[in-house]
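Novice: Quick note: the sequence shown, position 353, residue 353 per full-length UniProt numbering, numbers continuous.
All residues carry an ideal CB built from backbone N, CA and C; glycine is no exception.
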Amino acid sequence: MYKGTGASPGVALGKALVIEHSELNIEKKNIENVETEVEKLQAAVEESKKELEQVKERAKVELGEHEAEIFEAHLLVLQDPELIDQTIAKIRDEKVNADFALNEVKEMFVSIFESMDNEYMRERAADIKDVTNRVLRHILGIKVVDLSALSEEVILIAHDLTPSDTATMNKKMVLGFLTNIGGRTSHTAIMARTLEIAAVVGLSDVTENVKDGDFIVFNGETGQVIVNPDEKVINEYRDLKAKFDEEKEALKQLIGKTSITLDGRHVELAGNIGSPNDLEGLIKNDAEGVGLYRTEFLYMDKEDDFPSEEEQYEAYKAVLEGMNGKPIVIRTLDIGGDKELKYFKMDEEMNPFLGYRAIRLCLDRTDIFKTQLRALYRASVHGKLRIMFPMISSLEELLKSKEIIKEVLSEMDAEGIEYAKDVEVGMMIEIPSAAVISDILAKHVDFFSIGTNDLIQYTCAVDRMNQKISYLYNQFNPAVLRLIKMVIDNAHKEGKWVGMCGEAAGDQRMIPILLGMGLDEFSMSPISILPARKFITSVNYEDMKKFANEVLTMGTAEEIKAYVDKTFNM
């Protein structure tokens, strides 16, 4: 038996298909006919471009425009003259084979990007590897498993799954994913949840211990994996799968129901999105609104300049209309940290997550901010808009942001531009200083939305990207829970509602605590919505309040998790 991180719920039974992303065997060779090598390189590049175009188009259809953008980035790598020209120059100058030359140039670029302080730029190294390895396989004539042409149901086993893998695979034939590396926020985990495919990640050496054709059973919730089990275990997992599928089907009965406790406490179950294309999953899972629309992707997908007011208006309008009058919380531009724009140069910073980002950038560049606010208010006539500011750390920032809204609306009035007069304006609580003065801030907003991803990071002083200290990044940390309770109480004293759009909002263990604390809106990934509704509609709010108060007296995260598990048989 193996134990990894349960990344996407579900039970899978089936044959293993091991995807080899092993190191390519590249040797330096002295070449007489260098032009033949140049032609070999160019042919491999062209073949790779054709494949990536096909992958991109398939991804657009199956995953949406936003998810397909990564393959546009891969195509841009192949069109980069620096990469190809340097490789050709190396072939001709050093009279070496094409695969050796390309690999040398690749390693140089990867080394440069991986050494950068910026997380976004370090991630580009993975794009370069993925693309150049595709070209290298063509040069070397290595046959790769065509995941789009799978003819039988399989469980994919890999060191990790690349974006190309998940975009090209025949989803109907993939029963689940198992990978050596990754966590709940890795690409593989996110894609598995989006595609509603069971997955376990972080198994360390599963690729070394599993062979093609081995029979696998695993639980994507618990992270348990068994290779070549006996008939008794297979039958147990068949029963487990039947039960899971039955429960999933039963959840559909909750579609159209209100998320209300047995004693009448109503909460809103919303979803997080990055683009209008993500609405399909929310509608399918009966979201009661959008609790977080991350507008930065609209900016990051542009190649040469900021999106225009008209482009933004069309995107916001599409989301507002697509949700048929349900409330939509749209977060204003949140770039910086690990999110950069190709066309907007920002100075390198020692601590970018604590630096020039989000509302700080917008208050400095009011021209960018005003364009977005104009587009938002123009779109407000098409649905129920709520605007939210990120990264607020002080009352001064909040008041200045609201003053800019007044200026924008005054200009729109002068121009005779129509907009809704009932747009709620709120802010994210993701910085401890904001949580501490939430009693003051609550007087100046219509709502709070708690961003637990950053609130945990800043409260516990832990870099959530750092694997060595990842154990400290814990949403059950008593300090984090006490800050959340403080924020909710302070908002309610002023008659304001509180939502949560961080990962914790969709965590089954966290929901009873947050419900008992009085959270009004939970925003989560689409597949978490109906299970959350099932729990909420099965309990009494008064009981959850008592339970949350007990939790708040506890001293460690482990004690809290154990108490949750024992109380709710999790």
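#1: Nearest to residue 649 by alpha carbon, out of Val96, Arg124, Glu521?
#2: Give me the DSSP bridge partner(s) of residue 605.
#3: How is Lys402 classed by DSSP in three states: helix, strand or coil?
#4: The alpha helix (DSSP H) spanning Met388 covers which residue range?
#5: When you compare only the Cα positions, how much space is there between Thr366 and Glu348?
#6: Between which two residues does the beta strand (DSSP E) carrying Val217 extend?
#7: Going by the CB atoms, is the gap between Met544 and Gly516 shorter than 8 Å?
#8: Let me know the secondary structure DSSP gives Arg134 once reduced to three states.
#9: Does Gly176 pass the burial test, meaning 16 or more other C-beta atoms within 10 Å, or should it be called exposed?
#10: Please confirm whether any heavy atom of the ligand MG lies closer than 7 Å to the CB of Ser538.
#11: Alpha carbon to alpha carbon, what distance is there between Lys284 and Asn490?
#12: Let's see if you can read the secondary structure: which residues bound the beta strand (DSSP E) around Thr272?
#13: Quick one: measure Cβ to Cβ for Leu441 and Met427, integer angstroms, because I've assumed they're closer than 8 Å.
#14: Looking only at DSSP bridge pairs, what is Tyr225 linked to?
#15: For Thr179, does the three-state DSSP call read helix, strand or coil?
#16: Can you give me the C-alpha to C-alpha distance between Asp263 and Gly518, rounded to a whole angstrom?
#17: When DSSP labels each residue in this structure, what does Glu72 get in the three-state scheme?
#18: Does His74 pass the burial test, meaning 16 or more other C-beta atoms within 10 Å, or should it be called exposed?
#19: For Ile157, which three-state DSSP category applies?
#20: Between which two residues does the beta strand (DSSP E) containing Ser449 stretch?
#21: Going by CA-CA distance only, name the one from Gly451, Gly289, Gln312, Leu298 that's closest to Met323.
#22: Taking Leu279 as part of the alpha helix (DSSP H), name the residues at either end of that continuous run.
#23: Out of curiosity, what's the CA-to-CA distance linking Ala358 and Asn33?
#24: Using the Cα positions of Leu147 and Pro276, report the straight-line distance between them to the nearest angstrom.
#25: Please report the straight-line C-alpha distance between Asp334 and Leu376, rounded to a whole angstrom.
#26: Could you spell out where the alpha helix (DSSP H) holding Glu559 opens and where it closes?
#27: I'd like the list of long-range same chain contacts for Arg386, defined as Cβ closer than 8 Å, with 5 residues on each side in sequence excluded.
#28: Within 10 Å of its beta-carbon, does Ser525 have 16 or more other beta-carbons around it, so buried, or fewer, so exposed?
#29: Is the beta carbon of Glu418 sitting closer than 8 Å to the one on Val381?
#30: By the 10 Å Cβ neighbour count, where 16 or more other Cβ atoms means buried, how is Lys29 classified, buried or exposed?
#31: Would a C-beta distance cut-off of 8 Å place Ile197 and Val225 closer than the cut-off?
#32: Could you tell me whether the stretch 197-213 touches the stretch 3-14, where touching means 3 or more Cβ pairs closer than 8 Å?
#33: Tell me which residues share the same chain as residue 595 and place their Cβ nearer than 7 Å to its Cβ, disregarding the 5 neighbours each side in the sequence.
#34: Of the residues Leu156, Thr567, Tyr356, which one's Cα is nearest the Cα of Ala16?
#35: Could you give the DSSP three-state label for Leu17: helix, strand or coil?
#36: If you follow the alpha helix (DSSP H) that Glu247 is part of, which residue opens it and which one closes it?
Specialist: Put simply:
#1: There is simply no residue 649 to check, as the chain begins at 1 and stops at 570 in what is shown.
#2: Look at the range of the chain in this structure, 1 to 570, and you will see that residue 605 is not part of it.
#3: By 1-based counting over the sequence shown, the position of residue 402 is 402. The three-state secondary structure of Lys402, taken from DSSP, is helix.
#4: As a first step, residue 388 is located in the sequence shown; it is residue number 388 there, counting from the start. Per DSSP, Met388 lies in no alpha helix (DSSP H); the unbroken beta strand (DSSP E) holding it starts and ends at 384-389.
#5: On the sequence shown, residue 366 is found 366 positions in, with the first residue counted as 1. On the sequence shown, residue 348 is found 348 positions in, with the first residue counted as 1. Distance between the alpha carbons of Thr366 and Glu348: 21 Å.
#6: In the sequence shown, counting from the first residue as 1, residue 217 sits at position 217. Per DSSP, Val217 belongs to the beta strand (DSSP E) from 215-219.
#7: Here the question's residue 516 lines up with position 516 in the sequence shown. Here the question's residue 544 lines up with position 544 in the sequence shown. In this structure, Gly516 places its C-beta atom within 8 Å of the C-beta atom of Met544.
#8: Translated into the one-based positions of the sequence shown, residue 134 becomes position 134. Note: Arg134 maps to helix in three-state DSSP.
#9: Within the sequence shown, the letter at position 176 stands for residue 176. Buried, by the Cβ-count rule.
#10: For the structure depicted, the ligand MG is absent and the ligand set is empty, with no information on it obtainable.
#11: Residue 490 sits at position 490 when you count from the first residue of the sequence shown. Residue 284 sits at position 284 when you count from the first residue of the sequence shown. One alpha carbon belongs to Asn490, the other to Lys284, and they sit about 35 Å apart.
#12: Reading the sequence shown from its first residue, position 272 is the one you call residue 272. Note that residue 272 is Asn in the sequence shown, not Thr. Here the beta strand (DSSP E) through Asn272 covers 268-273.
#13: Position 441 of the sequence shown holds residue 441. Position 427 of the sequence shown holds residue 427. Indeed, because the Cβ distance is near 7 Å, the residues count as touching under 8 Å.
#14: Residue mapping note: residue 225 aligns to position 225 of the sequence shown, counting from 1. Residue 225 is actually Val in this sequence, not Tyr. Tyr2, Phe218, per the DSSP bridge assignment.
#15: For this step, residue 179 is matched to residue 179 along the sequence shown. Strand, per DSSP.
#16: As a first step, residue 263 must be located in the sequence shown, where it is residue number 263. As a first step, residue 518 must be located in the sequence shown, where it is residue number 518. Their Cα atoms are separated by approximately 14 Å.
#17: As a working note, residue 72 is residue 72 in the sequence shown. It is helical.
#18: Locating residue 74 in the sequence shown gives position 74, where the first residue counts as 1. His74 should be labelled buried.
#19: Within the sequence shown, residue 157 is the residue found at index 157, counting from 1. Assigned with DSSP and collapsed to three states, Ile157 falls in strand.
#20: Here residue 449 corresponds to residue number 449 of the sequence shown, with the count starting at 1. Where Ser449 is concerned, the enclosing beta strand (DSSP E) stretches over 447-450.
#21: Here residue 323 refers to the residue found at position 323 when the sequence shown is read from its first residue. Met323 has its Cα closest to that of Gly289, out of Gly451, Gly289, Gln312, Leu298.
#22: What you label residue 279 is simply residue 279 of the sequence shown in a count that begins at 1. From DSSP, the alpha helix (DSSP H) with Leu279 extends over 279-284.
#23: On the sequence shown, position 358 is the one that residue 358 refers to. On the sequence shown, position 33 is the one that residue 33 refers to. Ala358 and Asn33: Cα-Cα distance of roughly 54 Å.
#24: Here the question's residue 147 lines up with position 147 in the sequence shown. Here the question's residue 276 lines up with position 276 in the sequence shown. Going by the C-alpha atoms only, they are around 28 Å apart.
#25: In the sequence shown, counting from the first residue as 1, residue 334 sits at position 334. In the sequence shown, counting from the first residue as 1, residue 376 sits at position 376. Rounded to the nearest whole angstrom, the CA to CA distance from Asp334 to Leu376 is 15 Å.
#26: Here residue 559 refers to the residue found at position 559 of the sequence shown. Counting along the chain, the alpha helix (DSSP H) containing Glu559 begins and ends at 557-568.
#27: Walking along the sequence shown from the start, residue 386 turns up at place 386. So the list reads Pro327, Ile328, Val329, Ile330, Val423, Glu424, Val425, Gly426, Asp446, Phe447, once near-sequence residues are dropped.
#28: Numbered from its first residue, the sequence shown carries residue 525 at position 525. Under this definition Ser525 is a buried residue.
#29: The sequence position of residue 418 within the sequence shown is 418, counting from 1. The sequence position of residue 381 within the sequence shown is 381, counting from 1. Against a cut-off of 8 Å, the Cβ pair of Val381 and Glu418 comes out as a contact.
#30: As a working note, residue 29 is residue 29 in the sequence shown. Burial call: exposed.
#31: Residue mapping note: residue 197 aligns to position 197 of the sequence shown, counting from 1. Residue mapping note: residue 225 aligns to position 225 of the sequence shown, counting from 1. Contact flag unset, no.
#32: yes
#33: Because residue 595 is not part of the residues shown, which for the chain are 1 to 570, the question remains open.
#34: Mapped onto the sequence shown, residue 16 falls at position 16. Of the listed residues, the one whose Cα sits closest to Ala16 is Leu156.
#35: If you number the sequence shown from 1, residue 17 lands on position 17. Strand, per DSSP.
#36: Counting from one through the sequence shown, the residue named residue 247 turns up at place 247. Residues 231-251.
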